[in-house]
Amino acid sequence: MPDVTGKNTESRTVDMHNIGMDELNALIKETGDGRLLVLPYDSFKFENGSFVGVESKYFIAQIKNSRDFAKSIGDTKSEKQWSDFLDVLHEYDGYQLSPKINVKA
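Count along the sequence shown from 1, then add 87; that gives the number in my numbering.
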């Protein structure tokens, strides 16, 4: 049985404008919402012989840029997909994540 070594009783508020990987993973685990499974990288860099994703924190701005680009080239299908995904992100903006519980195995 795991040994619970401490608890953080404060919930964390999700800010989809500035979300990091830890918060995104916690949100996906807590909600089980597969719509949030996105490639969370703006770009990739070559490091130690392989490509590594560079973490993006500005999901809403990134998705808006993708939507606007699709619109500018007349790609209405992609524009709608990006708009629908923005709606999903806005659903979780301000979401209260459960407090962290530190568990030692």
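Quick reminder that beta carbons are idealized off the backbone N, C-alpha and C, glycines included.
ask   = What first and last residue would you give for the alpha helix (DSSP H) that runs through His177?
value = Per DSSP, His177 belongs to the alpha helix (DSSP H) from Thr163 to Tyr179.
key: Buried/exposed call for Leu176, threshold 16 Cβ in 10 Å   = By the neighbour-count rule (16 or more Cβ atoms within 10 Å), Leu176 is buried.
query = Is Leu124 helix, strand or coil by DSSP?
reply = If DSSP states are grouped into helix, strand and coil, Leu124 belongs with coil.
query = Hey, would you say Asp180 sits closer than 9 Å to Asp109, going by beta carbons?
reply = No, the Cβ-Cβ distance between Asp180 and Asp109 is not below 9 Å.
message = Let me check one thing: in DSSP terms, what residues is Leu114 bridge-paired to?
response = DSSP, once it has assigned bridges, lists no residue as partnering Leu114.
message = For Ser153 and Tyr145, I'd like the C-alpha separation in whole angstroms.
response = When only Cα atoms are considered, Ser153 and Tyr145 end up about 12 Å apart.
query = With 16 other CB atoms within 10 Å as the buried threshold, where does Pro124 fall?
reply = Here the sequence assigns Leu to residue 124, which means Pro is not the residue at that position. Flag for Leu124 reads exposed.
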